[in-house]
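J.:
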Amino acid sequence: MQTVSTLLSGEWYERYRAISRLNMRSSIYDVTNRCNLRCKGCFFFSSDEHTAAPEETDIGRWEAFVEKEQARGVNLAILIGGEPTLYLDRVAAFYKRLPTYCATNGLIKIPRDRFPDMMVGISLWGDEEDEKLLRGKDAFSISSKNYAGDPYTYYLYTITPRQLGRTERVIKRIDDAGLKVHMQLLSNDEGVEGFSWTPSQLADIRAEMDAMLAQYPRTVISCRYYHEVITTGRMLGRPFGWNECPSVTEPLDTRDPRPKRLIRFIRWAADLQTMHRCCTSATRDCRTCKDGAAHMSWVMVNKRDHLRSTEDLQNWIEVYEMFAKLYKFLPW
Ligand code: SF4
Ligand code: SF4
Numbered sequence: 004m005q006t007v008s009t010l011l012s013g014e015w016y017e018r019y020r021a022i023s024r025l026n027m028r029s030s031i032y033d034v035t036n037r038c039n040l041r042c043k044g045c046f047f048f049s050s051d052e053h054t055a056a057p058e059e060t061d062i063g064r065w066e067a068f069v070e071k072e073q074a075r076g077v078n079l080a081i082l083i084g085g086e087p088t089l090y091l092d093r094v095a096a097f098y099k100r101l102p103t104y105c106a107t108n109g110l111i112k113i114p115r116d117r118f119p120d121m122m123v124g125i126s127l128w129g130d131e132e133d134e135k136l137l138r139g140k141d142a143f144s145i146s147s148k149n150y151a152g153d154p155y156t157y158y159l160y161t162i163t164p165r166q167l168g169r170t171e172r173v174i175k176r177i178d179d180a181g182l183k184v185h186m187q188l189l190s191n192d193e194g195v196e197g198f199s200w201t202p203s204q205l206a207d208i209r210a211e212m213d214a215m216l217a218q219y220p221r222t223v224i225s226c227r228y229y230h231e232v233i234t235t236g237r238m239l240g241r242p243f244g245w246n247e248c249p250s251v252t253e254p255l256d257t258r259d260p261r262p263k264r265l266i267r268f269i270r271w272a273a274d275l276q277t278m279h280r281c282c283t284s285a286t287r288d289c290r291t292c293k294d295g296a297a298h299m300s301w302v303m304v305n306k307r308d309h310l311r312s313t314e315d316l317q318n319w320i321e322v323y324e325m326f327a328k329l330y331k332f333l334p335w
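Take 4 as the starting number for the sequence shown in the numbering used here and just add one per residue.
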């Protein structure tokens, strides 16, 4: 097998060295079971994860829990829900102790005097028409006003098949609001008609994602290899799925043989005791999973397999850098 130093030189070798120092250890936390929206296809509600456990309401217990997570080696807390901004004291319990990323629908503005540099990812499900259909309202019109120009915020744009040919307008609006965007694909967990991907649509959206990255390189946080992996569901000839997924909660991971995986990763429910199967829906058929973070992590944990050629290793570096930027381990 080739080595990193035989495959890389100059700038690429320095980029590799920069990311190899990062040693990210993430886990995911449901801050609450409640949300101020009910989107069709939301993995949390469609898999009944909101009923898996009651919420811990004592803030002292949240603080003690985060300290235990720190001691477990976690250095990146990814807060989801439900809608975390409904309980800012719980968000603060993490933010005061750990590098923290907060996912939100953006309807409630996170006060920057209290959370000055917390990374915020706003969910976006398409243009006004799709958001009204899937989320019941045009959330972008509110979130873009709340966060315009914020240097620590980006949109997590979940592209649906109906967005084919229409992504540029969405990305232009994000660019106009002075924000960044990262793209992933809808998994259509609730089987909404017209929102499941066909192979030819996946090929088309890959080309469109590549074009958006080329056209808006300062706005779109992405790379072409990520587009390839998420649209084809394949990496180095292997199919994504349960046997390969890196984002399974470690204490629940009984797979044998165990694939390369995220070390010490757990997705915790809001009672701070119950664990969910993985980073996304507990009931999703893994063969249909398009979760962006799971696909990125899949590439990241498989560095050794990318030591085949200079191009493969450079692709791996770009995915790793993208992930690090999205969680503020590297600047945009
Ligand atoms: S805003 Fe997020 S958590 Fe709330 S229903 Fe929609 S997808 Fe689910
Ligand atoms: S649903 Fe997706 S993230 Fe969850 S175990 Fe399956 S492949 Fe992994």
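By construction, the Cβ of each residue, glycine as well, lies at the ideal position given by its N, Cα and C atoms. Note that the structure is predicted; figures quoted are calculated from it, not measured.
For the region 29–43 and the region 172–190, state whether three or more C-beta atom pairs, one from each stretch, are separated by less than 8 Å.
T.: No, because fewer than three Cβ pairs between the region 29–43 and the region 172–190 fall closer than 8 Å, the two stretches do not touch.
J.: Locate the beta strand (DSSP E) running through GLY124, then write down its first and last residues.
T.: First-last of the beta strand (DSSP E) with GLY124: 122–127.
J.: Buried or exposed: ILE62, going by 16 or more other Cβ atoms within 10 Å of its Cβ?
T.: It counts as exposed.
J.: Strictly by DSSP, which residues pair up with CYS281?
T.: VAL251, per the DSSP bridge assignment.
J.: Considering only residues of the same chain and omitting the five flanking positions on each side of ASP207, which have a CB-CB separation below 6 Å?
T.: Excluding residues within five positions, the ones whose Cβ falls inside 6 Å are LEU167.
J.: When you compare only the Cα positions, how much space is there between LYS43 and GLU324?
T.: Those two C-alpha atoms are separated by around 32 Å.
J.: Mind checking ILE266: buried by the 16 CB within 10 Å criterion, or exposed?
T.: That one is exposed.
J.: Can you tell me whether SER199 sits near ligand 1, meaning its C-beta is under 7 Å from at least one heavy atom of the ligand?
T.: SER199: no, Cβ never under 7 Å from ligand 1.
J.: What residue from THR6, SER300 and ASP294 has the CA that sits closest to LEU159's CA?
T.: If we check each option's Cα against that of LEU159, ASP294 comes out closest.
J.: Based on Cα-Cα distance, which residue from ILE320, LEU275, GLU314 and ILE81 lies nearest to GLU59?
T.: Among ILE320, LEU275, GLU314 and ILE81, the Cα nearest to that of GLU59 belongs to LEU275.
J.: Quick one: Cα of ASN191 to Cα of THR9, how far?
T.: Spanning the two alpha carbons is a distance of roughly 43 Å.
J.: Could you spell out the range, first to last residue, of the alpha helix (DSSP H) harbouring HIS53?
T.: Per DSSP, HIS53 belongs to no alpha helix (DSSP H) and is neither H nor E.
J.: Is GLN166 helix, strand or coil by DSSP?
T.: Looking at GLN166 - three-state DSSP - the assignment turns out to be helix.
J.: Are the Cβ atoms of ALA56 and ALA272 separated by less than 8 Å?
T.: Against a cut-off of 8 Å, the Cβ pair of ALA272 and ALA56 comes out as a contact.
J.: Using the Cα positions of ARG241 and ASP308, report the straight-line distance between them to the nearest angstrom.
T.: Cα-Cα distance, rounded: 11 Å.
J.: Would you kindly work out how many angstroms separate the C-alpha atoms of VAL94 and PHE326, rounded to a whole number?
T.: Distance between the alpha carbons of VAL94 and PHE326: 21 Å.
J.: How many Å lie between ALA67 and LEU136 at the Cα?
T.: Cα to Cα, the separation comes out at about 41 Å.
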